[in-house]
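A.B. asks: In this note's numbering, the protein residues as written are 95 to 461. There's a structure below that I have some questions on.
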């Protein structure tokens, strides 16, 4: 096959060179080739030009001269424009219609073109066949390998079948265990779902409670703020009340002091009256006697005693003023003292008038 590939294309030229006996034998057929034969060949050969490597064309000096076409036997005529042409491969004289094909851009006759084309197709077929043979050999090798692999696979399948039987048994046992575990897991999943539902409900309740607690907290804060405000107001009112209580205590102290002063004044008043009546009795006893000197002495004694009482009264009042100087009741004490002193003076004056009137009446009666 390689030798056929390396064969030169010059052999095509030798095969395509016709001898005259061959030509004459073709012409001597009962039905010689006509114009229709050339047209048939042209119709058969679809390609107008081919390329062939290592081919040798005949030079011009080897071209054959003839009066008619070697293929269709058409006679050349310049008047009818039937011109003579030559095949560059075989050198035969051919007409235009029988030499329209080209090999390597050189004019050739239809017969040479057909031979070259057949040769190229034969070479192509040989190459294709060689490739097919190689592919068949490769396929045979692959088939053998495949058969061997099939045998190995069958043996492995047999071994695997036994293993699969044992594995199936093991799988059946494991499947039973898995089914039991699946049942247990389904029960657990249902419990988890129930727990999740309970947790969701609890979370919703907790959210509601948290929102309610938040609202309660806000309300409590508002109430606390109100209570703080109320406490501040209460503290302020308590402070005011404490101040009022302090004022009341101070007033009570002042009242106590004023009561004490009134009592002391009344005590002095009664003491003064007691002394006055005592002197009055002495004076009445003396008036019953006829001694005028004793009367005069008794009057002087009464005046002296009354002056002493006045002095003692004024001293006691001054002592009370000194004791009450630190307090806020000095003005009221002065008013009370003035009022009591005025009453005492008025009482003394009335009593003295009454006494002189009584003495005057007694003197008239005696005279």
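Every residue gets a Cβ at the ideal spot worked out from N, C-alpha and C, and that includes glycine. As the structure is a computational prediction, the values presented were derived from the model and not from experiment.
What does residue 171 pair with, by DSSP beta-bridge criteria?
C.D. replies: 176.
A.B. asks: When you compare only the Cα positions, how much space is there between residue 296 and residue 288?
C.D. replies: Going from the Cα of residue 296 to the Cα of residue 288 covers about 12 angstroms.
A.B. asks: Answer with buried or exposed for residue 252, where buried requires no fewer than 16 other C-beta atoms within 10 angstroms of its C-beta.
C.D. replies: It counts as exposed.
A.B. asks: Taking its Cβ as the centre, do 16 or more other Cβ atoms sit within 10 Å of residue 305, making it buried, or is it exposed?
C.D. replies: By the 10 Å Cβ count, residue 305 comes out exposed.
A.B. asks: Return the CA-CA distance between residue 300 and residue 264, expressed in angstroms with no decimal places.
C.D. replies: Spanning the two alpha carbons is a distance of roughly 51 angstroms.
A.B. asks: Is it a yes or a no for the segment 145 to 159 touching the segment 183 to 197, going by three-plus beta-carbon pairs under 8 angstroms?
C.D. replies: They touch, by the three-pair rule.
A.B. asks: Hey, would you say residue 187 sits closer than 8 angstroms to residue 215, going by beta carbons?
C.D. replies: No; because the gap between Cβ atoms is not below 8 angstroms, this pair is not in contact.
A.B. asks: Residues bridged to residue 281 by DSSP?
C.D. replies: In DSSP, residue 281 forms no bridge with anything.
A.B. asks: Can you give me the start and stop residues for the beta strand (DSSP E) that residue 200 sits inside?
C.D. replies: Note, residue 200: beta strand (DSSP E), 200 to 202.
A.B. asks: Quick check: residue 197 and residue 247, are their CB atoms within less than 8 angstroms of each other?
C.D. replies: No.
A.B. asks: Would you mind stating whether residue 170 and residue 162 have Cβ atoms separated by less than 8 angstroms?
C.D. replies: A contact, by the Cβ cut-off of 8 angstroms.
A.B. asks: Just reading off the beta strand (DSSP E) that residue 196 is part of, what are its end residues?
C.D. replies: Start and end: 195 to 197.
A.B. asks: Around the C-beta of residue 195, are 16 or more other C-beta atoms found within 10 angstroms, so that it is buried, or is it exposed?
C.D. replies: Residue 195 comes out buried.
A.B. asks: Measuring only the C-alpha atoms, how far is residue 313 from residue 302?
C.D. replies: The alpha-carbon atoms of residue 313 and residue 302 are separated by roughly 16 angstroms.
A.B. asks: How long is the line joining the alpha carbons of residue 241 and residue 220, rounded to whole angstroms?
C.D. replies: Approximately 30 angstroms between the Cα atoms of the pair.
A.B. asks: For residue 278 and residue 285, I'd like the C-alpha separation in whole angstroms.
C.D. replies: Cα-Cα distance, rounded: 11 angstroms.
A.B. asks: Expressed to the nearest angstrom, what Euclidean distance is found between the alpha-carbon atoms of residue 260 and residue 233?
C.D. replies: So the two alpha carbons sit approximately 39 angstroms from each other.
A.B. asks: To which residues of the same chain is residue 212 closer than 8 angstroms at the C-beta, ignoring the five residues directly before and after it?
C.D. replies: There are no such residues.
A.B. asks: Kindly indicate which three-state DSSP category residue 448 falls into: helix, strand or coil?
C.D. replies: Helix.
A.B. asks: Tell me the rounded alpha-carbon separation between residue 223 and residue 243.
C.D. replies: Cα-Cα distance, rounded: 29 angstroms.
A.B. asks: According to DSSP, what are the bridge partners of residue 188?
C.D. replies: Looking at the DSSP assignment, residue 188 forms a beta bridge with 179.
A.B. asks: Can you tell me the Cα-Cα spacing of residue 342 and residue 328, whole angstroms?
C.D. replies: Rounded to whole angstroms, residue 342 to residue 328 spans 20 angstroms at the Cα level.
A.B. asks: Helix, strand or coil, according to DSSP, for residue 144 in the structure here?
C.D. replies: Note: residue 144 maps to strand in three-state DSSP.
A.B. asks: From the DSSP output, read off the bridge partner residues of residue 162.
C.D. replies: Paired residue(s): 169.
A.B. asks: May I have the straight-line CA-CA distance separating residue 331 from residue 321, to the nearest angstrom?
C.D. replies: Going by the C-alpha atoms only, they are around 15 angstroms apart.
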